[in-house]
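S.K.:
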Amino acid sequence: MTVVNIEPQLLLSMPGGAEWIWIILAIIILFGGRKIPELARGIGKGIREFNDAKDGVKSEIENEMKKKENANNTSN
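Under our numbering, residue 957 is the last one in the sequence shown; the count climbs by one each step, no gaps.
So, in C-alpha coordinates, the structure goes:
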(Lines of atoms letter the chains of each structure in order from A and count residues from 1; the text may use other names and numbers.)
(Lines give C-alpha, C1' and ligand atoms only; values in the text may rest on other atoms or scores of the structure.)
Protein backbone atom coordinates (compact mmCIF):
# COMPACT_ATOMS: atom_id res chain seq x y z
CA MET A 1 0.00 0.00 0.00
CA THR A 2 1.42 3.38 -0.98
CA VAL A 3 0.69 6.66 0.71
CA VAL A 4 0.18 9.68 -1.51
CA ASN A 5 2.04 12.72 -0.25
CA ILE A 6 0.44 15.94 -1.48
CA GLU A 7 2.47 19.05 -0.80
CA PRO A 8 0.43 21.95 0.65
CA GLN A 9 2.05 24.40 -1.77
CA LEU A 10 0.26 22.81 -4.69
CA LEU A 11 -3.15 23.29 -3.11
CA LEU A 12 -2.74 27.04 -2.56
CA SER A 13 -1.40 28.20 -5.92
CA MET A 14 -2.80 31.10 -7.92
CA PRO A 15 -5.37 30.28 -10.60
CA GLY A 16 -4.09 29.95 -14.16
CA GLY A 17 -5.58 31.33 -17.38
CA ALA A 18 -8.42 28.86 -17.83
CA GLU A 19 -9.39 29.06 -14.14
CA TRP A 20 -9.68 32.86 -14.36
CA ILE A 21 -12.10 32.48 -17.26
CA TRP A 22 -14.27 30.12 -15.18
CA ILE A 23 -14.14 32.49 -12.21
CA ILE A 24 -15.19 35.47 -14.35
CA LEU A 25 -18.01 33.46 -15.94
CA ALA A 26 -19.25 32.38 -12.51
CA ILE A 27 -19.24 36.00 -11.30
CA ILE A 28 -21.19 37.14 -14.36
CA ILE A 29 -23.72 34.34 -13.91
CA LEU A 30 -24.13 34.93 -10.17
CA PHE A 31 -24.27 38.72 -10.16
CA GLY A 32 -25.42 39.59 -13.66
CA GLY A 33 -24.23 42.42 -15.86
CA ARG A 34 -25.95 45.18 -13.89
CA LYS A 35 -24.57 44.26 -10.48
CA ILE A 36 -20.91 43.96 -11.52
CA PRO A 37 -20.25 47.75 -11.69
CA GLU A 38 -21.86 48.17 -8.27
CA LEU A 39 -19.73 45.33 -6.91
CA ALA A 40 -16.55 46.85 -8.39
CA ARG A 41 -17.47 50.29 -7.02
CA GLY A 42 -17.98 48.80 -3.55
CA ILE A 43 -14.65 46.98 -3.68
CA GLY A 44 -12.90 50.17 -4.81
CA LYS A 45 -14.50 52.17 -2.01
CA GLY A 46 -13.45 49.55 0.54
CA ILE A 47 -9.85 49.58 -0.72
CA ARG A 48 -9.80 53.39 -0.62
CA GLU A 49 -11.11 53.45 2.97
CA PHE A 50 -8.55 50.82 4.01
CA ASN A 51 -5.70 52.83 2.49
CA ASP A 52 -6.93 56.03 4.17
CA ALA A 53 -7.07 54.27 7.55
CA LYS A 54 -3.62 52.76 6.98
CA ASP A 55 -2.17 56.17 6.13
CA GLY A 56 -3.85 57.70 9.19
CA VAL A 57 -2.34 55.12 11.53
CA LYS A 58 1.06 55.55 9.89
CA SER A 59 0.97 59.34 10.31
CA GLU A 60 -0.11 59.01 13.96
CA ILE A 61 2.80 56.69 14.68
CA GLU A 62 5.25 59.05 12.93
CA ASN A 63 3.88 62.06 14.85
CA GLU A 64 4.28 60.27 18.19
CA MET A 65 7.82 59.24 17.30
CA LYS A 66 8.66 62.85 16.44
CA LYS A 67 7.15 64.05 19.72
CA LYS A 68 9.24 61.55 21.69
CA GLU A 69 12.34 62.49 19.72
CA ASN A 70 11.73 66.21 20.39
CA ALA A 71 11.13 65.49 24.09
CA ASN A 72 14.41 63.56 24.29
CA ASN A 73 16.31 66.35 22.51
CA THR A 74 14.96 69.06 24.81
CA SER A 75 15.72 67.07 27.96
CA ASN A 76 19.39 66.60 26.97
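Positions of the beta carbon are idealized from the N, C-alpha and C atoms, including for glycine. Nothing here was measured: the structure is a model prediction, and the numbers come from that model.
1) Just curious, the alpha helix (DSSP H) that G925 is in, first and last residue?
2) If we ignore side chains and look at the alpha-carbon of each, how far apart do K939 and F931 end up?
3) To the nearest angstrom, how far is the alpha carbon of G898 from that of I905?
4) Would you tell me roughly how many angstroms separate the C-alpha atoms of M895 and I908, rounded to the nearest one?
M.R.: The structure says:
1) In the sequence shown, counting from the first residue as 1, residue 925 sits at position 44. Segment G898 to S956, the alpha helix (DSSP H) holding G925.
2) Along the sequence shown, read from residue 1 onward, the residue named residue 939 stands at position 58. Along the sequence shown, read from residue 1 onward, the residue named residue 931 stands at position 50. Taking the straight line from one Cα to the other gives about 12 Å.
3) For the purposes of this step, residue 898 is taken as residue 17 along the sequence shown, with counting starting at 1. For the purposes of this step, residue 905 is taken as residue 24 along the sequence shown, with counting starting at 1. A direct Cα-to-Cα measurement between G898 and I905 gives close to 11 Å.
4) Position 14 of the sequence shown, counted from the first residue, corresponds to residue 895. Position 27 of the sequence shown, counted from the first residue, corresponds to residue 908. A direct Cα-to-Cα measurement between M895 and I908 gives close to 17 Å.
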